[in-house]
Amino acid sequence: MIKFFRKIRQKLLTQNPADGQAGRLGRYLLYAVGEIILVVIGILIALSINNWNQNRIDGRKESLLLKEINAEFKYNKEELESTVRTYNLILNECDLLIKLFPINQNEINKDTLSIALELIRNTISADLSMGSISTLINTSSFEIISNNELRTLLIQWEDLISDYFEREEQAINYTRQTITPYLATRLPRPYKRGLDDERVDLSFLTSIEFENLINDRRRDVNVLLNIVKDEDTEIRKAIDRIILLSESSND
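Sequential numbering of the sequence shown, starting at 1, is according to UniProt numbering.
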């Protein structure tokens with residue numbers, strides 16, 4: 001098309017003037033205007049090509065980012081479900097012991113007791129990954145994500161899980177600093193074998209202190225479960241939504 005316009009302009013310049021100097025001047029002006037138009041058209045075409053290339057590059061980057069986000073949150077979902085299963089086991093063992101209070105040391109099944117104590121002192125933590133998000137949000141690459149809802153969810157993610165992590169840390173610290181030392185001075189590990197140790201005095205099972213420790217542990221675990229166990233909790237809904245959006249946006 002540019003060649004077509006150039007030929008027309010050149011033809012105008014080579015035509016014999018019909019109206020003298022004024023006609024020649026008019027054709028030169030027309031030629032100059034045509035040159036300007038061609039330059040503008042060329043610039044617009046170059047910009048269009050550049051934008052197309054940039055959009056193609058950004059599209060590839062976005063696709064890679066979405067794959068990373070999708071994989072990370074699928075991992076987070078599996079990790080959270082695994083943690084919830086363990087919390088439920090701990091809660092069940094706490095309930096089992098609470099029903100037996102005050103525990104008769106001569107009647108309780110030692111295998112049952114050893115399993116309960118091992119689980120109760122378990123300081124499991126939900127290892128929710130934030131690697132790609134933490135790196136992404138602080139860079140210009142974050143703007144490449146075209147889905148506004150997904151971007152909003154990613155920005156809110158850290159604040160969403162901060163309360164859970166804070167409560168989880170409190171529960172872990174209480175277990176490590178209170179329950180574990182308490183058991184360590186009364187029962188050697190592994191507990192299954194320690195319960196048969198003749199040096200062990202199981203009278204602590206009837207103490208109010210032991211009851212309080214188990215009740216405290218149950219309370220901590222129950223609080224954590226209430227934050228994450230149900231499908232309609234904010235953390236669960238956010239994970240599922242991010243997985244869905246990172247898949248559909250990547251199609």
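We put the CB at the ideal spot given by N, CA and C, even for glycine.
Beta-carbon proximity check, residue i vs residue j, cutoff 8 Å
{"i": "Lys77", "j": "Ile227", "result": "no"}
{"i": "Leu66", "j": "Ser207", "result": "no"}
{"i": "Lys237", "j": "Val84", "result": "no"}
{"i": "Leu224", "j": "Glu168", "result": "yes"}
{"i": "Lys192", "j": "Asp127", "result": "no"}
{"i": "Ile120", "j": "Leu205", "result": "no"}
{"i": "Asn122", "j": "Ile90", "result": "yes"}
{"i": "Ser146", "j": "Glu209", "result": "no"}
{"i": "Ser132", "j": "Glu68", "result": "yes"}
Status (buried if at least 16 other CB within 10 Å, exposed otherwise) for residue i
{"i": "Ala32", "result": "exposed"}
{"i": "Val73", "result": "One detail in the question is off: residue 73 reads as Phe in this sequence, not Val. It is buried - the Cβ of Phe73 has at least 16 other Cβ atoms within 10 Å."}
{"i": "Ile45", "result": "exposed"}
{"i": "Val40", "result": "exposed"}
{"i": "Asp220", "result": "buried"}
{"i": "Leu150", "result": "buried"}
{"i": "Tyr75", "result": "exposed"}
{"i": "Thr185", "result": "exposed"}
{"i": "Asn88", "result": "exposed"}
{"i": "Ile239", "result": "buried"}
{"i": "Leu64", "result": "exposed"}
{"i": "Leu47", "result": "exposed"}
{"i": "Asn70", "result": "buried"}
{"i": "Ile36", "result": "exposed"}
{"i": "Ile155", "result": "exposed"}
{"i": "Ile144", "result": "buried"}
Cβ-Cβ separation, residue j to residue i (assumed contact under 8 Å), whole Å
{"i": "Asn215", "j": "Ile98", "result": "7 Å"}
{"i": "Glu93", "j": "Ile115", "result": "7 Å"}
{"i": "Pro188", "j": "Asp197", "result": "6 Å"}
{"i": "Arg218", "j": "Ile179", "result": "With a Cβ gap of about 11 Å, Arg218 and Ile179 do not count as contacting."}
{"i": "Leu160", "j": "Ile108", "result": "Not quite, the Cβ-Cβ distance comes to about 42 Å (not below 8 Å), so this is no contact."}
{"i": "Arg241", "j": "Leu136", "result": "Not confirmed; about 17 Å, so no contact."}
{"i": "Leu117", "j": "Leu183", "result": "6 Å"}
{"i": "Ala101", "j": "Glu211", "result": "A quick correction: the sequence has Phe, not Ala, at residue 101. Between Glu211 and Phe101 the Cβ distance is about 5 Å, and since that is below 8 Å, they are a contact."}
Below-8 Å beta-carbon distance, residue i vs any chain D residue
{"i": "Thr86", "result": "Looking for chain D here will not work: only one protein chain is present."}
**OP:** Kindly provide the ranges of any alpha helix (DSSP H) runs that are 4 or more residues long and lie completely inside the segment 138-183, ordered along the chain.
**Re:** For the segment 138-183, whole alpha helix (DSSP H) runs of length 4 or above, ordered along the chain, are 148-174.
Subject >> Entirely enclosed beta strand (DSSP E) segments - the segment 180-216, minimum 3 residues >> reply: Those beta strand (DSSP E) runs which fall completely within the segment 180-216 and span 3+ residues do not exist here.
**OP:** Would you mind listing the alpha helix (DSSP H) stretches within the segment 72-119 that are 4+ residues and don't spill past its ends, in chain order?
**Re:** Here no run is fully enclosed.
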